[in-house]
Amino acid sequence: MKILSGIQPSGQLHIGNYFGMMKTMISRMESSELYVFIVDLHAMTSVHDREKLSQGTLEAAADFLALGLDPDKCIFWVQSDVPEVCELTWVLSTLAPMGLLERCHSYKDKVAKGIAASHGLFSYPILMAADILLYQAEQVPVGKDQKQHLEVARDLAQKFNNEFGETFVIPEPAISEQTAVVPGLDGQKMSKSYGNTIPIFLEGKQLKKRVMAIETDATPVEDPKDPEKCNLFSIFRLFATPERTAEVRDLYINGGAAYGYIKLELLELLNDFFGEARRKKKEFLDDPETLRQILAAGAAKAREKASGTLDLVRDRVGLKY
Ligand code: ADP
Ligand code: TRP
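Take a look at the structure:
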């Protein structure tokens, strides 16, 4: 099975990214042909700062490796190191109906959050479709928010195949329902663009500040509360054992759940869970040359795969004369 997914280096990676996508990818290393990449071209739709983009790309790579991704067991690279993706984006864009893109809610949501309404942001799903189709991915693990983008990729693949003959594999989304959307501090989807995150690699006082800022209601401790409506509980259960989760659920339902204590327990769980990865990340960032070498080797492998598909596409559409 060919599995592929990418992540934007547009800010500190957070626990929503981890449970929505990174964890699944890392767990599939042994059993699949795995493609993992840092989508710096996509990040340009919101980051126009040279230092932020380049440093963010290295950091996102270090994050993945620190969390356990083994570059010998997958193809791991930076999107812009394989320029073939831009050519395929153009080809697909000539097939993409305006209405299909106009219906994408991610574009509207991002504009509503203050990201500039550029053409790049509008055609973001086409670049993403090119990412997926270029490597003939069969399965794409993503958070629920990306489901519509996967549908765009499937539509474009089908349209291309109908018009020019069987060329692309039709990709399937792989969305884990339990962790489909990790809520942020404010209860909305946790997102780098919304400033409501718990970053994986935040530590000490800064981390404590974020955890204590998780919004909860004003129900007194002894009153019953609905755990399913509480974003603190939604985050807590991601880290606690099933037994502890069940105990805390009982406290919510029967009264006795004190938000302040649950937050402190969550803080400890976070420190345990990511402690080792934090140490490893520092090692990678202390040696950026090794990091660059890992990414360059990954790009060479990815490029080989990409050029095979692009060659076929060029032939199918008539760009070979
Ligand atoms: P962000 O919204 O923070 O910018 P990205 O769009 O870069 O995150 O998402 C990277 C991956 O992480 C995608 O697969 C996305 O679906 C997943 N993801 C992002 N936020 C969440 C979340 N809050 N819950 C679950 N998955 C998420
Ligand atoms: N759009 C995805 C996100 O914001 C990132 C992404 C770009 C991606 N290309 C991809 C995800 C290809 C999966 C496959 O999360």
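Every letter in the sequence shown is one number past the one before it in the numbering used here, and letter 311, counting from 1, is 316.
All C-beta atoms, glycine included, are put in the ideal place defined by N, C-alpha and C.
For G11, there is no enclosing alpha helix (DSSP H); the residue is part of the beta strand (DSSP E) that begins and ends at 7–12.
Taking C-beta atoms as the reference points, R242 and E89 fail to come closer than 8 Å. In the three-state scheme derived from DSSP, where H, G and I count as helix and E and B as strand, F173 is classed as coil.
Judged by beta-carbon spacing, W82 lies within the 8 Å limit of G303, meaning their Cβ atoms are closer than that value.
Q17 sits in coil when the DSSP states are folded into three classes, being neither helix nor strand. The beta-carbon separation of I43 and I12, rounded to 6 Å, stays under the 8 Å limit for a contact. Setting aside the 5 residues that flank it on each side, D231 has no residue in the same chain whose C-beta is closer than 6 Å to its C-beta.
Contact annotation: K149 and A185 have beta-carbon atoms nearer than 8 Å. Sequence-distant partners of A65 (beyond 5 residues in either direction) whose C-beta falls short of 7 Å from its own C-beta, in its chain, are I12, P14, L18, I43. Listed in chain order, the non-local C-beta contacts of Y23 below 6 Å within the same chain comprise I205, local neighbours out to five positions each way being set aside. When C-alpha distances from A262 are compared across A245, L290, E294, T224, the shortest belongs to T224. Residue nearest to G25 within the set P188, A71, D136, E227 is P188 (criterion: CA-CA distance). Under the 10 Å beta carbon count, V226 is surrounded by fewer than 16 other beta carbons and is classified as exposed. Annotated three-state conformation of I137 is helix, per DSSP.
Taking the C-beta atoms as reference points, K164 is found no nearer than 8 Å to L106. Here the distance from the Cβ of T184 to the nearest heavy atom of ligand 1 is below 7 Å. In the assembly as shown, R159 is a buried residue. Its beta-carbon has 16 or more other beta-carbons within 10 Å. Relative to the non-hydrogen atoms of ligand 2, the Cβ of G303 never comes closer than 7 Å to any of them. The three-state reading of DSSP puts Y199 in helix, counting H, G and I together. Under the three-state reduction of DSSP output, V145 falls in the strand class. Under DSSP, V41 takes part in a beta bridge, and its partners are S10, F81.
The beta carbons of A71 and K286 sit about 4 Å from each other, so the pair counts as a contact at 8 Å.
Judged by DSSP in its simplified three-state form, K118 adopts coil rather than helix or strand.
Spanning the alpha carbons of H110 and V216 requires a straight line of approximately 29 Å. Per the DSSP secondary-structure output, P204 pairs in a beta bridge with H19.
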